[in-house]
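Let me begin by presenting the structure, written as structure tokens, before commenting on it.
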Amino acid sequence: MKRITIIAGHYGSGKSEISVNLAIDKKIDYIVDLDIINPYFRSRALQGLFDEHGIHLVESTVKGMLNSDMPYVSGEGRIPFVNKDITAIYDLGGTENGAKILIQFMDYVTDFEEIDFLATINIFRPETATKKDILHTITLLEAQTQLKVTGLINNTNLIEETTEQDVINGEKILLEVSKELQVPILYTVVEQHKEFTYPFVGERINLNRYVARKWTLGGK
Amino acid sequence: MAKVLMKGNEAMALAAIKAGLDAFYGYPITPQNELPEYLSKQMPLHGRAFVQAESEVAAINMVYGAAGAGARVMTSSSSPGIALKQEGLTYIAGAELPAVIINVMRGGPGLGGIQPSQADYKQITRGGGNGDYYLYSLAPESLQEAVDLIKESFDIADYFRNPVMIAVDGLIGQMMEPVDFEREVPKWDLKPKTWAADGNRKNRKKNIINSLYLDPNDLENHNLKLKAKYDEMRDKHQRYEMINMENAEIVIVAFGSTSRISRTAIELLKEEGINCGIIRPITIYPFPQNAFNEIPESVKNILVVEMNLGQMVDDVKLHVQGRLPVHFYGRVGGIVPEAEEISDQVKKIVGGTYE
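Quick mapping for you: the protein sequence lines, in order, are chains A and C.
For the first sequence, this note's numbering begins at 12 and goes up steadily by one.
For the second sequence, this note's numbering begins at 45 and goes up steadily by one.
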């Protein structure tokens with residue numbers, strides 16, 4: 012895993028859940044919540060969990076203003092770009108508009124090899140259902156950030172209704188994207204309680220849902 | 045079509061497109077922003093109109109104009125923005141025009157907060173603006189239900205020539221769920237819009253869109269004509285779901301997100317041997333009063349659960365008519381009650397320790 016991982020994708024593509032899971036599993040130093048697009052279901056709501064795991068949370072300039080709908084981020088967000096001893100995960104807001112915020116840090120990057128810029132893809136999201144749609148999404152992300160996407164995350168799911176075949180179908184489409192762009196599928200996400208045995212491409216993230224509360228899952 | 049995974053606000057927007065939405069006028073406010081954002085991208089692709097107006101007041105008056113011209117038209121907002129739209133809504137109801145309004149509710153009063161709430165119940169169910177009028181108001185509890193009801197809501201608005209309100213809270217707007225957009229929904233028997241001021245004057249006398257009646261007799265007749273619609277809504281178009289009513293000793297009344305959480309609560313109660321039912325209003329106007337005539341003899345208490353401070357309690361009491369004690373549990377400020385909080389309240393009532 013590279014020192015800095017930036018996670019981008021559409022609304023509800025799984026960015027925050029994946030960021031939180033990776034931060035905990037990989038014992039990352041900083042999680043930087045850059046979601047200034049939407050004040051719901053953000054990783055910054057999990058301060059207690061990060062404290063428990065010794066992960067430093069960076070969010071707004073006004074600490075604890077969880078429900079402020081203000082589009083700003085603490086200057087601390089820059090630190091992992093300048094201090095090479097710190098590992099970090101950057102959790103972006105939804106769509107290319109949510110990714111735009113990264114531009115402010117680009118002046119501080121001295122070595123792009125230290126950075127993974129990952130696109131989270133779920134083929135059940137209509138905007139990323141086909142190879143063409145996914146390539147378009149990635150083009151928009153790259154145009155807004157001036158960063159090249161360096162890897163893909165297969166997060167194909169229908170929440171509780173996900174089958175193993177669904178994730179395999181997602182992988183098939185993502186392999187075509189991978190071939191076209193010459194970037195790897197770095198991670199495949201599977202909910203922790205699903206007993207899928209297929210040898211998915213890339214490292215497997217056994218996902219715990221921390222961000223979405225339990226009663227928003229399943230339901231009627 | 046197979047299911048797709050959607051965010052609530054996007055799902056509601058796409059449902060409106062599927063229903064033949066011709067034009068959308070809106071103004072941004074959290075927590076419904078993805079809805080106009082989605083339409084701003086999609087409506088031009090479908091050759092339809094999307095306008096971000098300069099204010100909520102402008103948006104609702106654009107809705108008024110487009111509805112008068114016979115378009116299928118919608119606006120969306122959240123509580124403070126919906127409050128701003130009340131003047132337009134009463135004009136639209138007064139001029140007998142169809143329109144769909146989505147309210148993704150947040151906490152109040154005033155600017156309140158940005159987290160989920162059901163605190164606009166009274167505003168929605170009592171009309172909201174001036175004069176004798178009501179909005180046919182639907183309160184879905186899941187994204188699939190929201191999509192199905194929105195697809196149908198344009199027919200309902202056209203049928204009654206009256207605004208239809210889709211009342212959800214921020215949670216429904218923001219959550220992710222699998223949705224099937226191709227499910228069949230009821231088709232209403234609709235007449236051509238011969239009343240529309242659509243610029244086509246070839247074969248008819250001119251149509252006038254108006255809510256001003258200076259002659260008291262004319263206005264009274266107009267009011268009575270509107271009342272006949274509301275009576276028909278009440279008599280023929282109440283919607284509700286009764287859940288787990290057989291041998292229930294207590295019944296929860298809850299709509300939208302709180303009914304969803306109550307479903308989990310009654311499962312917790314089952315494990316402890318308590319049989320709890322749910323009356324789930326799907327229309328909050330007309331209030332589903334018929335449901336209260338179907339409550340079995342076994343029920344000894346009613347518990348109303350809302351994300352407000354008890355705005356629906358009066359309606360429930362009115363239709364329980366003193367036959368059963370009516371209790372209330374609610375959370376406000378944008379706090380969503382946990383299933384355990386609701387089941388604890390039920391246990392207190394059943395155990396006789398409720399204060």
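Backbone N, C-alpha and C define an ideal beta-carbon position, used for all residues, glycine too.
These numbers come from a predicted model, not from an experiment.
Q) the ligand NAD heavy atoms versus the CB of isoleucine 322 (chain C): any closer than 7 Å? A) Because no ligand of any kind appears in the structure shown, any question about the ligand NAD cannot be addressed here.
Q) Quick one: which chain A residues come within Cβ less than 7 Å of threonine 74 (chain C)? A) Threonine 74 (chain C) reaches chain A at Pro50, Asp80, counting residues in chain order whose Cβ is nearer than 7 Å.
Q: Take leucine 79 (chain C) and list the residues in its own chain whose beta-carbon comes closer than 8 Å to its own, dropping the five residues that flank it on each side.
A: Asn53, Glu54, Met56, Ala57, Gly70, Ser120, Ile146, Val148, Gly217, listed in sequence order.
Q: Would you list the residues sitting across from aspartate 358 (chain C) in a DSSP beta bridge?
A: According to DSSP, aspartate 358 (chain C) bridges with nothing at all.
Q) When the Cα atoms are used, what is the spatial distance from asparagine 254 (chain C) to glutamate 140 (chain C)? A) Rounded to whole angstroms, asparagine 254 (chain C) and glutamate 140 (chain C) show a C-alpha spacing of 9 Å.
**Q.** the segment 52-71 of chain A / the segment 28-44 of chain A touching (three or more Cβ pairs under 8 Å)
**A.** Under the three-pair Cβ rule at 8 Å, the segment 52-71 of chain A counts as touching the segment 28-44 of chain A.
Q.
Would glycine 378 (chain C) and asparagine 78 (chain A) be called neighbours here (beta carbons separated by less than 8 Å)?
A. Glycine 378 (chain C) is a Cβ neighbour of asparagine 78 (chain A), given a cutoff of 8 Å.
(Q) In whole angstroms, give me the CA-to-CA distance for methionine 356 (chain C) and arginine 283 (chain C). (A) Taking the straight line joining both Cα atoms gives about 16 Å.
(Q) At the 8 Å Cβ level, is leucine 169 (chain A) part of the contact set with chain C, yes or no? (A) Output row for leucine 169 (chain A): interface = yes.
Q) Can you tell me the Cα-Cα spacing of proline 195 (chain A) and threonine 131 (chain A), whole angstroms? A) Going from the Cα of proline 195 (chain A) to the Cα of threonine 131 (chain A) covers about 12 Å.
(Q) List, from N- to C-terminal side, the beta strand (DSSP E) runs of 3 residues or more that fit wholly inside the segment 190-229 of chain C. (A) DSSP runs (the beta strand (DSSP E)) wholly in the segment 190-229 of chain C: 207-213, 220-223.
Q.
Excluding the 5 residues flanking valine 73 (chain A) on each side, which residues of the same chain have their C-beta closer than 7 Å to its C-beta?
A. Ser79.
Q.
Do glutamate 125 (chain A) and lysine 13 (chain A) have their beta-carbon atoms positioned less than 8 Å apart in this structure?
A. Judged by beta-carbon spacing, glutamate 125 (chain A) lies within the 8 Å limit of lysine 13 (chain A), meaning their Cβ atoms are closer than that value.
Q. Rounded to a whole number of angstroms, what is the C-alpha to C-alpha distance between serine 161 (chain C) and glutamate 350 (chain C)?
A. Rounded to whole angstroms, serine 161 (chain C) to glutamate 350 (chain C) spans 9 Å at the Cα level.
Q.
Buried or exposed, going by whether 16 or more other CB atoms sit within 10 Å of the CB of glutamate 384 (chain C)?
A. Glutamate 384 (chain C) comes out exposed.
**Q.** Per-residue burial, lysine 26 (chain A) [other beta carbons within 10 Å of its own, 16 or more giving buried]
**A.** So lysine 26 (chain A) counts as buried.
Q. Is there a Cβ from chain C that is less than 8 Å from the Cβ of phenylalanine 135 (chain A)?
A. Yes, its Cβ sits closer than 8 Å to a Cβ of chain C.
**Q.** Close Cβ partners of tyrosine 51 (chain A) (< 8 Å) along its chain, the five nearest in sequence each way excluded
**A.** Closer than 8 Å at the Cβ level, and outside the excluded window around tyrosine 51 (chain A), lies no residue.
(Q) Is glutamate 107 (chain A) close to chain C? Criterion is C-beta to C-beta, closer than 8 Å. (A) Answer no: the Cβ-Cβ gap between glutamate 107 (chain A) and chain C never drops below 8 Å.
Q) Do the CB positions of glycine 321 (chain C) and alanine 292 (chain C) come within less than 8 Å of each other? A) Contact: yes.
Q | N-terminal and C-terminal residue of the beta strand (DSSP E) that glutamine 374 (chain C) is part of | A | First, the residue type needs correcting, since residue 374 (chain C) is glycine and not glutamine in the sequence shown. Where glycine 374 (chain C) is concerned, the enclosing beta strand (DSSP E) stretches over 370-374.
Q: Determine, using beta carbons only, whether leucine 79 (chain C) comes closer than 8 Å to chain A.
A: Chain A, which has no Cβ nearer than 8 Å to the Cβ of leucine 79 (chain C), makes this no.
Q | Between the CA atoms of isoleucine 294 (chain C) and lysine 361 (chain C) - distance to the nearest angstrom | A | When rounded, the distance between both Cα atoms is 15 Å.
Q. Between the C-alpha atoms of lysine 314 (chain C) and glutamate 341 (chain C), what's the straight-line distance to the nearest angstrom?
A. Spanning the two alpha carbons is a distance of roughly 19 Å.
Q.
For a quick check, are the C-beta atoms of isoleucine 112 (chain A) and threonine 141 (chain A) less than 8 Å apart?
A. Inclusion of isoleucine 112 (chain A) and threonine 141 (chain A) in the CB contact set at 8 Å is not warranted, their separation being larger than that value.
Q: For glycine 214 (chain C), go through chain A and note every residue whose CB falls closer than 9 Å to its CB, in chain order.
A: Ordered by position in chain A, the residues that pass the 9 Å Cβ test against glycine 214 (chain C) are Tyr51.
Q.
Considering only their Cβ atoms, is the gap separating serine 85 (chain A) from serine 71 (chain A) smaller than 8 Å?
A. Less than 8 Å separates the beta-carbon of serine 71 (chain A) from that of serine 85 (chain A).
Q: With serine 255 (chain C) as the anchor, note down where its beta strand (DSSP E) starts and where it stops.
A: No beta strand (DSSP E) contains serine 255 (chain C), which DSSP labels as neither H nor E.
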